[in-house]
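Engineer:
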Amino acid sequence: MRITQGTFSFLPDLTDAQIAAQIEYCLRNEWAVAIEYTDDAHPRNTYWNMWGNPMFDLQDAAGAMMELNECRAHNPEHYIRINAFDSTKGWETVRLSFIVNRPSVEPGFRLVRREGAGRTLHYTLESYAVNRQPEGARYG
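Written as structure tokens, this is what we have:
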């Protein structure tokens with residue numbers, strides 16, 4: 000199962016040259032670039048771990064690519080994404096977000112059905128990544 004979140008998610012994985020080109024596009028628009036990673040890419044998991052601080056003063060894509068490669072080296076079996084923030088209105092708005100690294104085997108999700116009062120059914124998605132390392136054991 001392939002996680003399809005963010006821009007470019009239905010395309011084949013971007014090469015490093017294509018990632019750098021997207022970062023250059025962000026910089027031309029004066030957007031700050033940030034790198035985040037997680038092992039649980041559940042669609043409602045919007046708060047991924049930050050890799051360093053957002054790069055507000057970045058001048059070219061080389062700095063972001065260096066940070067991305069460091070993040071990949073430390074988190075090879077995680078999802079990694081690039082976010083670009085626009086602060087021109089006085090607050091940060093995500094303008095672009097795309098996955099740049101995936102685990103070798105994407106854990107996927109299962110559909111959980113729960114019965115409620117009056118024969119109602121409730122469905123939710125549960126991540127297999129969370130089942131491997133339950134809450135309290137995931138973050139050291």
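Take 0 as the starting number for the sequence shown in numbering that gives the first Met the number 0 and just add one per residue.
Don't be surprised by glycine CBs; every beta carbon is placed ideally from N, CA and C.
These figures come from a predicted structure and were not determined experimentally.
(1) Indicate the three-state DSSP secondary structure (helix, strand or coil) for GLU66 in the structure shown.
(2) Check ALA31 in the structure and name its three-state DSSP category.
(3) Grouping DSSP H, G and I as helix and E and B as strand, with all else coil, what is GLU76?
(4) Do HIS41 and LEU110 have their C-beta atoms within less than 8 angstroms of each other?
(5) Does the beta-carbon of ARG1 have 16 or more other beta-carbons within 10 angstroms, so that it is buried, or is it exposed?
(6) Could you give the distance in angstroms between the alpha-carbon of ASN48 and the alpha-carbon of GLU76?
Structural biologist: Taking the geometry as given:
(1) Here residue 66 refers to the residue found at position 67 of the sequence shown. Looking at GLU66 - three-state DSSP - the assignment turns out to be helix.
(2) Position 32 of the sequence shown holds residue 31. Strand.
(3) On the sequence shown, position 77 is the one that residue 76 refers to. Three-state DSSP puts GLU76 in coil, outside helix and strand.
(4) As a position in the sequence shown, residue 41 is number 42, starting the count at 1. As a position in the sequence shown, residue 110 is number 111, starting the count at 1. No, Cβ-Cβ distance for HIS41 and LEU110 is not below 8 angstroms.
(5) Taking the first residue of the sequence shown as position 1, residue 1 is located at position 2. ARG1 should be labelled exposed.
(6) Locating residue 48 in the sequence shown gives position 49, counting from the first residue. Locating residue 76 in the sequence shown gives position 77, counting from the first residue. When rounded, the distance between both Cα atoms is 14 angstroms.
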